[in-house]
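Every letter in the sequence shown is one number past the one before it in UniProt numbering, and letter 113, counting from 1, is 113.
Virtual Cβ for every residue (Gly too), placed ideally from N, Cα, C.
The structure under discussion appears below in the form of structure tokens.
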Amino acid sequence: MPKRKQASDDEGEGSSSSDVVSSCLNSIVEHSDLGKLWLKSLVDVSFEFFDPNPKVDYHAIKRLLTQLFQRDAEQLHVNELTELILSQPTVGTTIKTDGIESDPFSLFTVLNMHLHHQNVSIKAIANYLLATTASHDPAFHETLKALFSQSEAHVGLVLCERLVNMPVQVVPPMYSMLANEIKWANADGEPYHFTHLLFVSRVYHLTEEEESMLANSASSRRPRSSDAPASKNKKHRPPDAAQNGVERPVDGVYPYHPEDDVILKAAMHSLTYPYVAPLPALVQETRGRDVFGLDVKGRVMLVAGGGEMLRDLGARMLELYGQG
1 MPKRKQASDD EGEGSSSSDV VSSCLNSIVE HSDLGKLWLK SLVDVSFEFF
51 DPNPKVDYHA IKRLLTQLFQ RDAEQLHVNE LTELILSQPT VGTTIKTDGI
101 ESDPFSLFTV LNMHLHHQNV SIKAIANYLL ATTASHDPAF HETLKALFSQ
151 SEAHVGLVLC ERLVNMPVQV VPPMYSMLAN EIKWANADGE PYHFTHLLFV
201 SRVYHLTEEE ESMLANSASS RRPRSSDAPA SKNKKHRPPD AAQNGVERPV
251 DGVYPYHPED DVILKAAMHS LTYPYVAPLP ALVQETRGRD VFGLDVKGRV
301 MLVAGGGEML RDLGARMLEL YGQG
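Spelled out as structure tokens, the structure:
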């Protein structure tokens, strides 16, 4: 079954995860041409939201984590990280299209870095982020160092990854669900009282020449029929180019996850950084980039707050992506 119905003592904030999903998606459809086009394009595909399932999700979640951390994944012990995620199945969400036994297409969860500081993967991630920020952002490094070296403030490691063709509109419901699950877990005495949230993501860089090539390629594929739907005065690039029709950033860096723009506005620190592990020798010789020819980098963002901050971020995302 999809995510279970929770206790209804939530002060009118919704009695179940399904209610949250329906409310968010209905808002998208009612208020957004983008939402209508998205649902029309789904045809017979429906997304179901599930708790992480230790019996069937291990390999798919590991693949998503490897995609998230890219070529640095091996040094971060994604096997153990996957096991840790599956050890707390009542906190976090996966999205599937063919029932609970199918592979998840998306993962969203949070881990207490202080509670699990001895876990080999959490320890590796903490050291990795400390080393990365030390090299590229000393102020961010000092903040992380202070947070990791005490026990009063707890940092939640937020992990969000999905297949590239998953629409951003599925993200706001997951934020609402995770905020509720943290609230319910805290009410049960579980350790999810976070003072800070640490988001890990990934981006890619495009030169002006590459952007021009992509724009020309997109133009050549655009329908020429007079029956083609008119645009809404936004520049829509393909998924592997600029996101959300925004103009080219000065640095040419684009997020794989459009919702990163919302998180960045709330972040007290953020850093885009090059991966540590080298590209395979053959790739270096032929392209000097990843296997898809993109200059991919990591991104880390620190936001003050806990579960209610996730709820607030989700609301901002819903407003942004649910308003055409």
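Could you tell me which residues DSSP puts in a beta bridge with residue 314?
Residue 314 is not bridged to any residue.
Straight-line gap, residue 105 to residue 130 (C-alpha atoms, nearest Å):
For residue 105 and residue 130, the distance between alpha carbons rounds to 30 Å.
Near residue 262, what residues of its chain come up, given a Cβ to Cβ distance below 8 Å and the 5 sequence neighbours on each side ignored?
Closer than 8 Å at Cβ, skipping near neighbours: 313, 316, 317, 320.
If you draw a straight line from the C-alpha of residue 64 to the C-alpha of residue 73, how long is it?
In this model, residue 64 and residue 73 are separated by some 10 Å (Cα to Cα).
Which residue or residues does DSSP assign as beta-bridge partners of residue 270?
DSSP lists 301 as the bridge partner or partners of residue 270.
Validate contact between the stretch 138-147 and the stretch 80-87 using beta carbons, cut 8 Å, 3 pairs:
Pairwise C-beta distances place the stretch 138-147 out of contact with the stretch 80-87, as fewer than three of them are shorter than 8 Å.
Would you be able to state if there are at least three C-beta pairs under 8 Å between the stretch 167-181 and the stretch 147-157?
Contact between the stretch 147-157 and the stretch 167-181 is absent: fewer than three C-beta pairs spanning the two stretches fall below 8 Å.
So is residue 213 buried or exposed if we call it buried at 16+ other beta carbons inside 10 Å?
With fewer than 16 Cβ atoms within 10 Å of its Cβ, residue 213 is classed as exposed.
How would you call residue 135, buried or exposed, if buried means at least 16 neighbouring beta carbons within 10 angstroms?
It counts as exposed.
Grouping DSSP H, G and I as helix and E and B as strand, with all else coil, what is residue 79?
Three-state DSSP puts residue 79 in a helix.
Alpha-carbon spacing of residue 341 relative to residue 117, whole angstroms:
Beyond the ends of the chain as shown, which are 1 and 324, falls residue 341; an answer cannot be given.
Confirm, please, whether the CB-CB distance from residue 202 to residue 55 is below 8 Å.
No. Outside cutoff.
Can you give the Cα-Cα distance for residue 280 and residue 299, rounded to whole angstroms?
Near 21 Å, if we compare the C-alpha coordinates of residue 299 and residue 280.
Could you give the C-beta distance for residue 80 and residue 120, rounded to a whole number, given that I count them as a contact under 8 Å?
Their Cβ separation, rounded to whole angstroms, is 5 Å, which keeps residue 80 and residue 120 in contact under 8 Å.
Please return the same chain residues whose Cβ sits closer than 6 Å to the Cβ of residue 191, not counting the five positions on each side in sequence.
The residues are 112, 115.
Along the alpha helix (DSSP H) that carries residue 294, what are the first and last residues, could you check?
Where residue 294 is concerned, there is no enclosing alpha helix (DSSP H), given that its DSSP letter is neither H nor E.
Pick from 295, 66, 148, 52: whose alpha carbon is nearest that of residue 196?
Comparing Cα positions, the closest option is 148.
When 137, 251, 125 are compared against residue 204, the one with the closest alpha-carbon
The residue from 137, 251, 125 with its alpha-carbon nearest to that of residue 204 is 251.
What is the C-beta distance between residue 301 and residue 199, in whole angstroms, given that I count them as a contact (C-beta under 8 Å)?
With a Cβ gap of about 4 Å, residue 301 and residue 199 count as contacting.
Have a look at residue 171 and residue 256 and give me their C-alpha separation to the nearest angstrom.
Near 13 Å, if we compare the C-alpha coordinates of residue 256 and residue 171.
According to the neighbour-count rule (16 or more other Cβ atoms, all chains shown, within 10 Å of its Cβ), is residue 276 buried or exposed?
With fewer than 16 other Cβ atoms within 10 Å, it is exposed.
With DSSP as the reference, identify every bridge partner of residue 159, one or two as the case may be.
The partner list for residue 159 (beta bridge, DSSP) reads 109, 200.
Should residue 101 be labelled buried (16 or more other beta-carbon atoms within 10 Å of its own) or exposed?
The residue is exposed, with fewer than 16 neighbouring Cβ atoms inside 10 Å.
Please confirm whether residue 91 and residue 185 have their CB atoms less than 8 Å apart.
Their beta carbons are under 8 Å apart, which means residue 91 touches residue 185 by this criterion.
Check the C-beta distance from residue 82 over to residue 62 and give it rounded, since I have them as a contact under 8 Å.
Rounded to the nearest angstrom, the Cβ distance from residue 82 to residue 62 is 5 Å, consistent with a contact under 8 Å.
In terms of residues, what are the limits of the alpha helix (DSSP H) holding residue 66?
DSSP places residue 66 in the uninterrupted alpha helix (DSSP H) bounded by 58-69.
For residue 217, does the count of other Cβ atoms within 10 angstroms reach 16, so buried, or fall short, so exposed?
Classification of residue 217: exposed, given that the 10 Å Cβ count is below 16.
Quick check on residue 34: does DSSP put it in helix, strand or coil?
Here the model assigns residue 34 a pLDDT of 44, short of 50, so the residue's position is not dependable and the matter cannot be decided.
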